Each structure stands twice: as C-alpha cells, then as structure tokens.
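This report refers to the structure that appears directly beneath it.
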Amino acid sequence: LPRSPGSQAELARAALTEVVRLARLAAVLERQLRLRVCDDPLLAIPGCGHLSAAVIRGEAGDEARFRTHDAFAMFAGIAPVPASSGRTSRVRYSRRGNRRVNRAVWTIATWQAKFDPRARTYLARKRAEGKRSKEAMRCLKRHLVRHVFAALVSGVDPLKIAP
Numbered sequence: 005l006p007r008s009p010g011s012q013a014e015l016a017r018a019a020l021t022e023v024v025r026l027a028r029l030a031a032v033l034e035r036q037l038r039l040r041v042c043d044d045p046l047l048a049i050p051g052c053g054h055l056s057a058a059v060i061r062g063e064a065g066d067e068a069r070f071r072t073h074d075a076f077a078m079f080a081g082i083a084p085v086p087a088s089s090g091r092t093s094r095v096r097y098s099r100r101g102n103r104r105v106n107r108a109v110w111t112i113a114t115w116q117a118k119f120d121p122r123a124r125t126y127l128a129r130k131r132a133e134g135k136r137s138k139e140a141m142r143c144l145k146r147h148l149v150r151h152v153f154a155a156l157v158s159g160v161d162p163l164k165i166a167p
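Heads up: the sequence shown at position 121 corresponds to 125 in the working numbering, and the numbers run straight through without jumps.
See the structure below:
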C-alpha cells in the first residue's frame, strides 16, 4: 500500500518516541545494576564491568555449590574437553555449560587481550608454545575462571591471587 507523507512521518515519530522511552528505561536499569554490584570483588578484575559482574554473580547463584574452580569452569562451559584423534592431541571448547557466564568471561578475556599487558604476555607465551590464537584465548579464559571463582567465593581481591 502506498503511504502518504503524513503517515510516514507519524510512523517515524512513533518509532522515535519508542526509542527515547527505551533509552530512558535502559539508563534507569543501568543505574540500578551499578548500585547492586558497586562493591563486588569481581569489578577488581581488569575488563570486568558492571554488566559482566552482574551476569556472573546472578547466573552463578550460591557460589557454595561449586567445590573448586574446575567445577565452576565446567558450569560456565570453559573447561577444556579432550578432542584428540590419532596422533593429534588437542582440546576443544565445551558445548555445554552456562552460555551467559561463558560470554561474560569471554568479554573480560577480550578486553584483557587488547589492553592488559599481563594478558598480552600470557597470550604471547601460549602462541610461542605453538597454540593457535583461538587456543590461546581458550587458555586465557580458563586462567580467568580461577580469578573469577576466587572473587566469587572468598570476596578477596582476585589480582592478589597467584596464577
């Protein structure tokens, strides 16, 4: 159906009004989220923002249900799974686990890979060991899970924990 210029303008105004309303709602929700996680020890991890901390904290629930960081890595789908065949010895990502927590840790790892010199050194060392970029990133994520778990369980500064 052909539209008259007046109806197109009306639709555009309605869409713009909806976008403005959603932007205001998003700002309110972000302020509430920041207030809820403002003193969370997860925020001490470089690259972990308020949203990542809230996702990890919310999805993990009661952290006492995880006995070790290995159990938490399995929960998050970050624990390596053997995928060897013949003479090739390799591990791959787990397709199981909580995808939201996995994504939050991936976000932290990606930020660290770009901006944190310690993570860049770690990735360079893994590349020097013969790992491909994706494998090195998987190793970094697995390394970060230890720090995330320590921050969840004990509430200590995760950067003071030995790797």
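The C-beta atom is built at its ideal place from N, Cα and C for all residues, glycine as well. Nothing here was measured: the structure is a model prediction, and the numbers come from that model.
Practice task
Could you tell me the distance, in whole angstroms, from the CA atom of aspartate 74 to the CA atom of glycine 81?
Solution key: Here residue 74 is taken as the residue at index 70 of the sequence shown, counted from 1. Here residue 81 is taken as the residue at index 77 of the sequence shown, counted from 1. If you take the alpha carbons of aspartate 74 and glycine 81, they lie about 10 Å apart.
Problem - Beta-carbon proximity of proline 50 to phenylalanine 153, cut-off 9 Å - result: Working through the sequence shown from its first residue, we reach residue 50 at position 46. Working through the sequence shown from its first residue, we reach residue 153 at position 149. No, the Cβ-Cβ distance between proline 50 and phenylalanine 153 is not below 9 Å.
Exercise for the section: Please classify glutamine 116: is it buried, with 16 or more other beta-carbons within 10 angstroms of its beta-carbon, or exposed? Expected result: Taking the sequence shown and counting its residues from 1, one reaches residue 116 at position 112. Buried, since its Cβ has 16 or more Cβ neighbours within 10 Å.
Problem - Three-state secondary structure assigned by DSSP to serine 11 - result: Locating residue 11 in the sequence shown gives position 7, where the first residue counts as 1. In this structure, serine 11 counts as helix in the three-state DSSP scheme.
Handout entry: Own chain residues within Cβ distance below 7 Å of alanine 166, not counting five before or after
Key = The residue given as residue 166 occupies position 162 in the sequence shown. Note on alanine 166: pLDDT 40, under 50, position unreliable in the model; no value is reported.
Exercise for the section: Scan the stretch 15-53 and note each continuous alpha helix (DSSP H) run of 4 residues or more that stays entirely inside, going in chain order. Expected result: none
Practice task
State the DSSP-derived secondary structure class of threonine 92, mapped to helix, strand or coil.
Solution key: Residue mapping note: residue 92 aligns to position 88 of the sequence shown, counting from 1. In this structure, threonine 92 counts as strand in the three-state DSSP scheme.
Practice task
Please classify proline 86: does DSSP put it in a helix, a strand, or coil?
Solution key: One-based indexing of the sequence shown puts residue 86 at position 82. Strand.
Exercise for the section: Would you identify the three-state DSSP class for glycine 62, choosing helix, strand or coil? Expected result: Reading the sequence shown from its first residue, position 58 is the one you call residue 62. Looking at glycine 62 - three-state DSSP - the assignment turns out to be helix.
Exercise for the section: State yes or no: is the C-beta of glycine 53 within less than 9 Å of the C-beta of threonine 111? Expected result: Counting from one through the sequence shown, the residue named residue 53 turns up at place 49. Counting from one through the sequence shown, the residue named residue 111 turns up at place 107. Closer than 9 Å, so yes.
Practice task
Please determine if the stretch 53-73 and the stretch 36-44 are in contact, where contact requires at least 3 C-beta pairs separated by less than 8 Å.
Solution key: yes
Practice task
Compare the Cα-Cα distances from valine 109 to each of His151, Glu22, Glu34, Ser11 and report the closest residue.
Solution key: If you number the sequence shown from 1, residue 109 lands on position 105. Valine 109 has its Cα closest to that of His151, out of His151, Glu22, Glu34, Ser11.
Exercise for the section: Given a cut-off of 9 Å, decide if valine 157 and glutamate 67 are closer than it, judged by their beta-carbon atoms. Expected result: Working through the sequence shown from its first residue, we reach residue 67 at position 63. Working through the sequence shown from its first residue, we reach residue 157 at position 153. Yes, the pair counts as a contact, with Cβ atoms nearer than the cut-off.
Practice task
Can you give me the Cβ contacts of lysine 3 inside the same chain, cut-off strictly under 8 Å, excluding the 5 residues immediately before and after it?
Solution key: Absent from the model: residue 3. The displayed extent of the chain is 5 to 167, so no value can be given.
Exercise for the section: Have a look at proline 4 and alanine 18 and give me their C-alpha separation to the nearest angstrom. Expected result: Coverage of the chain is limited to positions 5 through 167, which leaves residue 4 absent and any answer about it impossible.
Practice task
Would you identify the three-state DSSP class for threonine 72, choosing helix, strand or coil?
Solution key: Indexing the sequence shown from 1 puts residue 72 at position 68. Looking at threonine 72 - three-state DSSP - the assignment turns out to be coil, as it is neither helix nor strand.
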